[in-house]
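>
In the numbering used here, the protein residues as written are 7 to 471.
1. Within this structure, are the beta carbons of residue 101 and residue 150 separated by less than 8 Å?
2. Of the residues 306, 76, 41, which one's Cα is nearest the Cα of residue 254?
3. Take every Cβ of the segment 168 to 188, pair it with every Cβ of the segment 357 to 364, and state whether three or more of those distances are shorter than 8 Å.
4. Quickly, what does DSSP pair residue 325 with across the bridge? List them, please.
5. Does DSSP put residue 219 in a helix, in a strand, or in coil?
6. Measure the alpha-carbon distance for residue 323 versus residue 141 and round it to whole angstroms.
7. Put residue 423 into one of helix, strand or coil per three-state DSSP.
8. So that I know if they touch, is there some Cβ in chain B lying closer than 8 Å to that of residue 99?
9. Taking 8 Å as the cut-off, does the segment 154 to 167 touch the segment 80 to 96 (at least 3 CB pairs, one atom from each stretch)?
10. Could you check if residue 348 is buried or exposed, using at least 16 other CB atoms within 10 Å of its CB as the buried criterion?
11. Where does residue 201 fall in DSSP's three states?
12. Hey, out of 378, 233, 63, 28, whose CA is closest to residue 278's CA?
13. To the nearest angstrom, how far is the alpha carbon of residue 441 from that of residue 371?
14. Please work out which residues of its chain come closer than 6 Å, Cβ to Cβ, to residue 71, disregarding the five sequence neighbours upstream and downstream, and give them in chain order.
15. What residue range is occupied by the uninterrupted alpha helix (DSSP H) comprising residue 258?
16. If you draw a straight line from the alpha carbon of residue 379 to that of residue 303, how long is it in whole angstroms?
17. Who are the near neighbours of residue 297 in its chain, counting only those whose CB is closer than 6 Å to its CB and skipping five residues on each side?
18. Name the one or two DSSP bridge partners that residue 352 has.
19. What residue range is occupied by the uninterrupted alpha helix (DSSP H) comprising residue 27?
20. Applying the criterion that 16 or more other CB atoms from any shown protein chain within 10 Å of the CB defines a buried residue, is residue 121 buried or exposed?
21. Do you know offhand how far residue 42's Cα is from residue 286's?
22. Would residue 454 be called buried (16 or more neighbouring beta carbons within 10 Å of its own) or exposed?
23. For a quick check, are the C-beta atoms of residue 230 and residue 213 less than 8 Å apart?
24. Note the first and the last residue of the continuous alpha helix (DSSP H) segment covering residue 465.
25. Just the Cα atoms here: how many angstroms apart are residue 33 and residue 256?
26. Are the beta-carbon atoms belonging to residue 182 and residue 252 less than 8 Å from one another?
27. Can you round the beta-carbon distance between residue 391 and residue 152 to whole angstroms, since I take them to be within the 8 Å contact cut?
28. Looking at the strands, I want to know which residues DSSP matches up with residue 105.
29. What is the C-beta distance between residue 467 and residue 305, in whole angstroms, given that I count them as a contact (C-beta under 8 Å)?
30. Where residue 300 and residue 157 are concerned, what is the direct C-alpha to C-alpha distance, given to the nearest angstrom?
31. Output needed for residue 9: all residues of its chain with C-beta closer than 6 Å, excluding positions within five of it in sequence on either side, in chain order.
32. My assumption, with CB atoms under 8 Å, is that residue 456 sits in contact with residue 401. Please give the rounded CB distance.
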């Protein structure tokens, strides 16, 4: 009868432990269907650029990014999370090892029954203790190991979060760098427009003095000049906003002082010509947010395994030993030592549904982690496809605006001549100047958008800095 019970118990253990094994997951299969190539551009099997900052061939940009990576406080906070997660892994695995302790003590007792000639009690006892304790839960089924592996996966996810923070910081620094260049150029365009408007005001005022035009024309020209001056103020305000934002990214005090190199630049560079988007399947292994989400999913798998194995018996080993003596020198005498050793088995029978609810809770959280991973993966594919498609349309827009700038400059010259000859009204002349300013401003904006979109694409593809 006893042998039969042992056989049934062993079969039960094998069934439970077999059900508690973590599933083998693959990043691509876990996501679902991964496309073979990008729909917005032709895929390439060549290696994707990792150190993309150097692709812009701008030493000043590289130096700013390095400063941000070394001094940004948000990144330093993320780095401390990595250290904390590593220590959590050690803490979670400590239960797999024996826990050894040492207790030393001194006890003085006095019964107060003995009386000397002077009336002071003399019956007493001194005790010096030196005790060692040992406790160890033997992880037969791997419950503690599975819990440790879950925390280790969380630590890997935090590490991936840190890499993602580095990549995001580098991207924001680079984009702020190009935004600041554009803002300075926009301010210069607006200031040049003021000079042009003043020329128009002088022209109209001269014609008004000679009686060749109405006072309304002069009023309209002065109004247009005032609007241009307001636009310059707005442009300069944008410069200081971006400058302070960049300084915070660099870990500097936001004093709003534009870097001399940035202020001296008179054009926005074109984006790097060569870019390999790689294959969609490579994205799942490169993007830090996808790596982090997959690690957290695997961590939940291990938590389910640990929760299921909590239903199995726990085998513990406890021991204690040491010595107690009235003389301190006797503590070193091995003959006075005593010790005991005990083993125990704890089998959960009734816990009010706590253990089974913990299993169901972790299974629900695993489904949440799976759906979260699929959501992040789908969004990652969208970001790459969107950036690839946007680059094509932004290039077409940039070429059209470049043509528009040339045409408006030519039309402005003709408008000045025509107004001097009395062939057009003042509103037509002012519109020609506004069209030139708007075209130049829009051209600068789309040039910067091309650079920002390229950085967005590098960010969407993941990898290093």
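Using N, Cα and C, we set each Cβ at its ideal position, and we do this for glycine too.
In this structure, then:
1. yes
2. Answer by Cα proximity: 76.
3. no
4. The secondary-structure analysis by DSSP pairs residue 325 across a beta bridge with 140, 347.
5. The answer is coil: DSSP assigns residue 219 none of H, G, I, E or B.
6. 6 Å
7. Three-state result, residue 423: helix.
8. Any reference to chain B falls outside this structure, which holds one protein chain only.
9. yes
10. exposed
11. helix
12. 63
13. Rounded to whole angstroms, residue 441 and residue 371 show a C-alpha spacing of 58 Å.
14. Excluding positions up to five away in sequence, the list reads 59, 176, 179.
15. First-last for residue 258: undefined, no H or E at that position.
16. 8 Å
17. 166
18. 320
19. Per DSSP, residue 27 belongs to no alpha helix (DSSP H) and is neither H nor E.
20. Note that residue 121 has pLDDT 49, beneath the 50 cutoff, so the model's placement of it is unreliable and no number is given.
21. Between the alpha carbons of residue 42 and residue 286 lies a distance of about 7 Å.
22. With 16 or more other Cβ atoms within 10 Å, it is buried.
23. Cβ distance not < 8 Å, so residue 230 and residue 213 don't count as in contact.
24. Per DSSP, residue 465 belongs to the alpha helix (DSSP H) from 432 to 467.
25. 35 Å
26. yes
27. With 8 Å as the limit, residue 391 and residue 152 do not qualify as a contact, their Cβ atoms being about 38 Å apart.
28. 141
29. Going by Cβ atoms, the distance from residue 467 to residue 305 rounds to 25 Å, so no, they are not a contact pair.
30. 14 Å
31. The pLDDT assigned to residue 9 is 44, lower than 50, so where the model puts this residue is not dependable, and the model offers no usable value.
32. Correct: roughly 7 Å between the Cβ atoms.
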